[in-house]
Amino acid sequence: HIHMHHSDAAISIPSLISRAKHLGIGVAITDHNEISGVIEAYNHSHDVLVIPGIELSSCEGPHVLLYFYSAGDLADYFATHIKGTLRKSQYMAIQLSVEKILASAENYKCVKVAAHPFGYFGINRGILKCIDNKTLPEKIINHIDGIEVICGGMGHDLNDKAARYAGEHDLPITGGSDAHVLPSVGGVVTGVKADTVEGFLNGVLAKKSIVIGSTANPLHKGMTAGVIAWNYIPYTVSSLDRKSTRLNSS
């Protein structure tokens with residue numbers, strides 16, 4: 317669960333590949349509502365295991381991670397189901413509900429995971445948070461393959477809550493650094509005894525994965541907040557400008 321400069325992060329593909337090789341890990345590229353980072357990685361010569369993914373921001377708020385078995389399937393899914401739903405503020409939300417996102421992925425070979433399931437900073441960025449506050453029906457969890465039990469951007473208490481939920485409901489687990497800056501990469505890892513994308517994702521679904529890591533340190537969180545804010549400012553200003561125009565015209 318890593319973001320690139322193709323969406324709202326400050327990580328380039330060459331730097332990511334170099335760090336992954338140094339750490340001896342694979343990576344899952346999951347840009348917000350975008351796949352160009354995955355495509356660049358697959359066109360970049362390297363020997364690092366790259367899982368093609370995407371993090372979709374639903375119109376209700378929760379984020380859904382989709383990990384695909386092939387970059388070709390991801391590209392087809394994006395072109396068919398996502399590209400036409402992008403808003404001007406692309407990295408903030410798309411025009412699809414959680415239910416429609418999950419339904420649209422049903423015919424593809426992918427693993428559907430609830431990202432940071434209990435949300436970020438008091439807002440509805442997690443599926444389980446929305447189930448708790450009844451903005452999503454409890455049955456939606458039946459269409460999820462797994463739970464992200466450690467997310468680098470979340471605090472210890474919420475990660476612990478996610479891990480306990482996955483254990484109580486016997487669900488497959490993943491973890492991710494949610495890295496937006498290079499030093500955060502590798503802060504959380506998902507381990508499976510496999511050396512291919514198919515073997516890795518099959519291992520997750522078979523509940524053979526382990527997750528190791530912790531919430532990001534305060535310095536990395538501060539760096540991340542700055543990078544995200546910088547990328548979102550143009551959309552925020554544009555949104556405020558449109559609202560101002562509507563008010564003046566009325």
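Plus 316 on top of the position in the sequence shown (first one is 1) and you've got my numbering. Idealized CB from N, CA, C, for every residue including glycine.
(message) Do E376 and S405 count as a contact pair if the criterion is CB distance below 9 Å?
(response) For the purposes of this step, residue 405 is taken as the residue at position 89 of the sequence shown. For the purposes of this step, residue 376 is taken as the residue at position 60 of the sequence shown. No, Cβ-Cβ distance for S405 and E376 is not below 9 Å.
(request) Quick one: using the 10 Å Cβ neighbour count with 16 as the cut-off for buried, is P330 buried or exposed? (result) For this step, residue 330 is matched to residue 14 along the sequence shown. Label assigned to P330: exposed.
(request) Buried or exposed for H379, please, with buried defined as at least 16 other CB atoms from any protein chain shown within 10 angstroms of its CB. (result) The residue labelled residue 379 in the question sits at position 63 within the sequence shown. That one is buried.
(request) Please report how far the alpha carbon of L402 lies from the alpha carbon of E350, in whole angstroms. (result) Indexing the sequence shown from 1 puts residue 402 at position 86. Indexing the sequence shown from 1 puts residue 350 at position 34. Roughly 9 Å between the two C-alpha positions.
(request) In angstroms with no decimal places, state the Cα-to-Cα distance between M320 and I528. (result) For the purposes of this step, residue 320 is taken as residue 4 along the sequence shown, with counting starting at 1. For the purposes of this step, residue 528 is taken as residue 212 along the sequence shown, with counting starting at 1. So the two alpha carbons sit approximately 22 Å from each other.
(message) When you compare the CB positions of A409 and S374, do they come within less than 9 Å of one another, or not?
(response) Taking the first residue of the sequence shown as position 1, residue 409 is located at position 93. Taking the first residue of the sequence shown as position 1, residue 374 is located at position 58. A contact, by the Cβ cut-off of 9 Å.
(request) Alpha carbon to alpha carbon, how far is G462 from P488? Give it in angstroms, no decimals. (result) Translated into the one-based positions of the sequence shown, residue 488 becomes position 172. Translated into the one-based positions of the sequence shown, residue 462 becomes position 146. In a straight line, the C-alpha of P488 is about 5 Å away from that of G462.
(message) Since H432 and C467 should fall inside the 8 Å C-beta cutoff, what is the C-beta to C-beta distance between them, to a whole number of angstroms?
(response) In the sequence shown, residue 432 corresponds to position 116, counting from 1. In the sequence shown, residue 467 corresponds to position 151, counting from 1. Indeed they touch by this definition, with Cβ atoms about 4 Å apart.
(message) Based on DSSP bridge pairs, tell me the residues matched to F384.
(response) Locating residue 384 in the sequence shown gives position 68, counting from the first residue. Beta-bridge pairing links F384 to C426.
(request) Would you check if there are 3 or more beta carbon pairs closer than 8 Å linking the region 513-524 to the region 440-457? (result) no
(request) Have a look at F394, I443, G342 and flag the residue whose alpha-carbon is nearest the alpha-carbon of V465. (result) Counting from one through the sequence shown, the residue named residue 465 turns up at place 149. Checking every option, the nearest Cα to that of V465 belongs to I443.
(request) Use the C-beta contact count for A475: other C-beta atoms within 10 angstroms, 16 or more gives buried, fewer gives exposed. (result) Position 159 of the sequence shown, counted from the start, is the residue given in the question as residue 475. The amino acid occupying residue 475 in the given sequence is Asn; Ala does not appear at that position. N475 should be labelled buried.
(message) Judging by CA-CA distance, which residue of P453, C426, T490 is the nearest neighbour of K524?
(response) Taking the sequence shown and counting its residues from 1, one reaches residue 524 at position 208. Selected option, being the one with the closest Cα: T490.
(request) Determine the DSSP secondary structure at P378, reduced to helix, strand or coil. (result) Start at 1 with the first residue of the sequence shown, and residue 378 comes out as number 62. Three-state result, P378: coil.
(request) Can you have a look at K445 and say buried or exposed, based on whether 16 or more other CB atoms are within 10 angstroms of its CB? (result) Here residue 445 is taken as the residue at index 129 of the sequence shown, counted from 1. Result: buried.
(request) Could you tell me the boundaries of the beta strand (DSSP E) in which S373 lies? (result) In the sequence shown, the residue the question calls residue 373 occupies position 57. Where S373 is concerned, the enclosing beta strand (DSSP E) stretches over 366-373.
(message) So for L339, helix, strand or coil by DSSP?
(response) Working through the sequence shown from its first residue, we reach residue 339 at position 23. L339: helix per DSSP, three-state reduction.
(request) Using the Cα positions of I341 and D473, report the straight-line distance between them to the nearest angstrom. (result) Numbered from 1 along the sequence shown, position 25 holds the residue referred to as residue 341. Numbered from 1 along the sequence shown, position 157 holds the residue referred to as residue 473. Going by the C-alpha atoms only, they are around 26 Å apart.
(request) Name, in chain order, the residues that DSSP records as bridge partners for E464. (result) Indexing the sequence shown from 1 puts residue 464 at position 148. DSSP output for E464 lists T490 as bridge partner(s).
(message) Assuming contact is defined by CB atoms lying nearer than 9 Å, are F394 and I367 in contact in what I supplied?
(response) Taking the sequence shown and counting its residues from 1, one reaches residue 394 at position 78. Taking the sequence shown and counting its residues from 1, one reaches residue 367 at position 51. Not closer than 9 Å, so no.
(request) List the residues that DSSP assigns as beta-bridge partners of G483. (result) Start at 1 with the first residue of the sequence shown, and residue 483 comes out as number 167. Paired residue(s): none; G483 is not in a bridge.
(request) Out of L382, A387, L381, state which residue places its alpha-carbon closest to the alpha-carbon of E356. (result) By one-based count along the sequence shown, residue 356 stands at place 40. E356 has its Cα closest to that of A387, out of L382, A387, L381.
(request) Put H317 into one of helix, strand or coil per three-state DSSP. (result) The count along the sequence shown starts at 1 and reaches residue 317 at position 1. Coil.
(request) Quick one: grab the DSSP three-state call for A409. (result) If you number the sequence shown from 1, residue 409 lands on position 93. Coil at A409, not helix or strand.
(message) By the three-class DSSP mapping on this structure, what secondary structure does A316 have?
(response) Here the chain has residues from 317 to 566 only, and residue 316 is not among them.
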